[in-house]
């Protein structure tokens with residue numbers, strides 16, 4: 022997931038579509054632009070008071086790792102329960118429990134009356150007011166799970182929704198995928214078909230029950246070619262997903278829903294052993310059936326949710342408010358944390374330093390931590406700097422730009438990588454709080470290997486030699502290299518060091534700060550030479566870094582540099598399709614080595630640590646996962 026913030030229509034208007042829940046008050050600010058995921062500032066407050074936005078860092082998705090399904094037999098349960106549903110066969114999508122019913126998306130996904138009980142208002146006095154800031158700089162562009170691309174907005178989305186599965190990273194080296202809205206998860210021997218049995222009684226905050234067709238319809242919505250967001254390429258994993266995205270099919274042929282048996286069967290377009298991890302990601306979250314009729318209007322209407330919190334109000338350029346969802350069914354173990362914080366105010370701020378200063382002034386309880394303030398924050402407050410995050414900061418290149426991209430400029434990119442003093446950046450900018458990286462994929466991802474990058478060590482002499490060879494071969498800088506980054510997010514200091522490093526060997530470069538609101542949109546449109554990028558794992562798999570960021574299938578998604586290499590793509594495809602974790606790791610390592618040493622498609626800088634600061638006099642437990650997600654429902658206030 023991209024490191025930054027991006028959200029355009031706030032989440033709710035005045036249309037009360039169903040249930041007894043009042044529509045949240047929502048207005049949208051003058052936001053716009055594309056998928057902006059860097060920077061950020063939100064400051065949170067616990068127990069009343071004025072809230073101040075906090076500022077923050079980089080959020081980047083991840084899909085990596087190698088989760089290997091249980092093999093043997095036909096359909097073998099991988100998580101929970103003893104049920105072994107039949108997969109394949111002639112089962113057709115059903116609605117309302119009438120097995121065998123089928124039809125168009127409109128017929129399958131026609132809104133149905135829920136039988137659950139609406140969440141209603143939180144009990145008076147339940148939990149104390151707490152405002153938490155996890156947004157980064159600009160207003161969020163989307164909090165619709167099908168459209169969001171940034172970690173900062175995902176903090177909100179993840180608090181509002183539960184997916185089929187969740188990631189238990191209690192042991193960071195061996196993350197476990199376990200059921201959430203699903204009761205059991207099963208996979209066949211060659212990982213071409215997955216079966217999710219849905220938990221009875223799951224419901225949205227307005228009382229609408231969640232059944233298998235709920236997920237089917239949410240996925241049809243997310244793959245609608247007129248609506249699909251930047252993550253929609255993940256639907257290619259499912260049989261018929263590519264055809265739906267291309268407008269060649271009305272429905273995703275590989276999805277079969279049986280509401281009577283509470284069974285969702287998903288056929289893969291190719292073997293995929295990590296789909297249980299992907300199925301818990303936001304693109305695959307359940308959505309109310311009412312959202313499919315006019316998918317783009319959902320964010321501007323009544324957003325209902327099935328997670329620990331629900332939306333009360335939103336003005337995306339100022340504040341988003343979540344309150345406790347009393348209808349939440351709880352986590353994997355059924356734990357609902359009944360005394361969890363009753364209200365969370367997300368306040369948007371101009372930049373990280375402004376937010377941090379407001380936090381120090383007592384106007385908020387949490388904030389994103391500006392790197393330059395790390396030492397003083399550790400001395401005075403609680404921080405998450407001890408959490409090793411599955412995230413990576415790197416510079417990417419526009420392979421379509423004649424000045425820096427393509428095979429003819431490989432030596433220039435090599436010189437750039439070897440000229441950068443990563444340790445100096447870590448000490449001067451981050452006060453030693455980040456780990457200098459030797460690759461894109463971070464430690465903690467299954468299959469991780471150290472020192473894959475041959476040109477990531479600071480070696481000015483080798484850099485000079487590579488630059489001289491490029492020049493001797495006809496290379497010439499007509500004008501300074503533009504290094505782009507999202508402004509007002511603390512990146513200037515990093516870029517200044519890089520410019521000095523490059524100048525020392527004769528490479529002319531200049532800073533090109535961009536409006537954070539449109540930074541990623543401009544990059545996707547090709548307006549980039551050398552660009553700052555960050556990525557947080559969406560799920561702990563290796564392919565989340567290699568496939569999402571650099572594969573040809575992701576050109577319309579997160580492959581901003583337009584990296585194209587058939588050998589790389591083939592290795593990643595083979596790794597994704599392997600059900601042998603060790604074999605997959607070798608293939609992923611080979612692919613990453615091609616990216617870094619042959620194509621030099623990216624320049625790794627460092628791996629992330631947690632970047633939140635909080636008032637530890639008010640907050641006694643502030644849990645953060647190694648994906649950088651704050652578990653708001655588990656926050657504990659000091660007595």
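In our numbering, the protein residues as written are 22 to 660. By construction, the Cβ of each residue, glycine as well, lies at the ideal position given by its N, Cα and C atoms. It should be emphasised that the depicted structure is a prediction, and the values quoted were computed from it without experimental measurement.
Select from the options the residue whose C-alpha is nearest the C-alpha of residue i.
i           : options               : result
residue 175 : 646, 385, 503 and 216 : 646
residue 219 : 390, 236 and 315      : 236
residue 651 : 482, 547 and 643      : 643
residue 187 : 351, 516 and 507      : 351
residue 275 : 265, 336 and 163      : 265
residue 196 : 240, 295 and 324      : 295
residue 281 : 648, 425, 233 and 616 : 233
residue 477 : 417, 454, 460 and 568 : 460
residue 413 : 444, 429 and 456      : 456
residue 230 : 193, 424, 435 and 326 : 326
residue 570 : 498, 518, 418 and 221 : 418
residue 523 : 540, 263, 435 and 573 : 435
residue 127 : 311, 262, 363 and 286 : 311
residue 335 : 365, 313 and 354      : 365
residue 580 : 190, 189, 251 and 131 : 251
residue 223 : 387, 382 and 353      : 353
residue 194 : 409, 260, 166 and 499 : 409
Can you look up residue i in the DSSP assignment and give me helix, strand or coil?
i           : result
residue 641 : strand
residue 233 : helix
residue 35  : Confidence at residue 35 is low in this model, with a pLDDT of 32, below 50, so its placement is unreliable and no value can be given for it.
residue 200 : strand
residue 279 : strand
residue 364 : strand
residue 388 : strand
residue 354 : coil
residue 324 : coil
residue 529 : coil
residue 471 : coil
residue 225 : coil
residue 342 : strand
residue 650 : coil
residue 521 : helix
residue 576 : coil
residue 465 : coil
Is residue i near residue j, with beta carbons less than 7 Å apart?
i           : j           : result
residue 292 : residue 213 : yes
residue 316 : residue 242 : yes
residue 201 : residue 183 : yes
residue 344 : residue 356 : no
residue 504 : residue 515 : no
residue 584 : residue 622 : yes
residue 185 : residue 217 : yes
residue 328 : residue 181 : yes
residue 406 : residue 631 : yes
residue 172 : residue 324 : no
residue 624 : residue 416 : yes
residue 619 : residue 592 : no
residue 559 : residue 257 : no
residue 398 : residue 432 : no
residue 634 : residue 404 : yes
residue 551 : residue 502 : yes
residue 215 : residue 287 : yes
residue 568 : residue 649 : no
residue 452 : residue 396 : yes
Please report the distance separating the alpha-carbon of residue i from that of residue j.
i           : j           : result
residue 227 : residue 348 : 8 Å
residue 641 : residue 368 : 22 Å
residue 289 : residue 299 : 12 Å
residue 58  : residue 462 : Confidence at residue 58 is low in this model, with a pLDDT of 38, below 50, so the placement of that residue should be treated as unreliable; the coordinate-derived value is given next. The straight-line gap from Cα to Cα measures roughly 19 Å.
residue 596 : residue 411 : 20 Å
residue 163 : residue 627 : 28 Å
residue 340 : residue 472 : 43 Å
residue 393 : residue 428 : 38 Å
residue 507 : residue 553 : 8 Å
residue 511 : residue 521 : 17 Å
residue 205 : residue 373 : 42 Å
residue 179 : residue 303 : 8 Å
residue 540 : residue 283 : 43 Å
residue 390 : residue 377 : 7 Å
residue 479 : residue 602 : 33 Å
Taking 6 Å as the cut-off, is the CB of residue i close to at least one heavy atom of the ligand PLP?
i           : result
residue 459 : Absent from the structure shown: the ligand PLP. Ligands present: none.
Between residue i and chain E, is any beta-carbon pair separated by less than 7 Å?
i           : result
residue 633 : Here there is only one protein chain, and chain E is not present.
- Task: Spell out a yes or no on whether the region 523–533 and the region 428–443 are touching, meaning 3 or more CB-CB pairs, one atom from each, closer than 8 Å.
- Result: yes
- Message: Using 8 Å as the cut-off, can you tell me whether the region 586–602 makes contact with the region 554–571, which would need three or more C-beta pairs spanning the two stretches below that distance?
- Response: Three or more Cβ pairs drawn from the region 586–602 and the region 554–571 lie within less than 8 Å of each other, which places the two stretches in contact.
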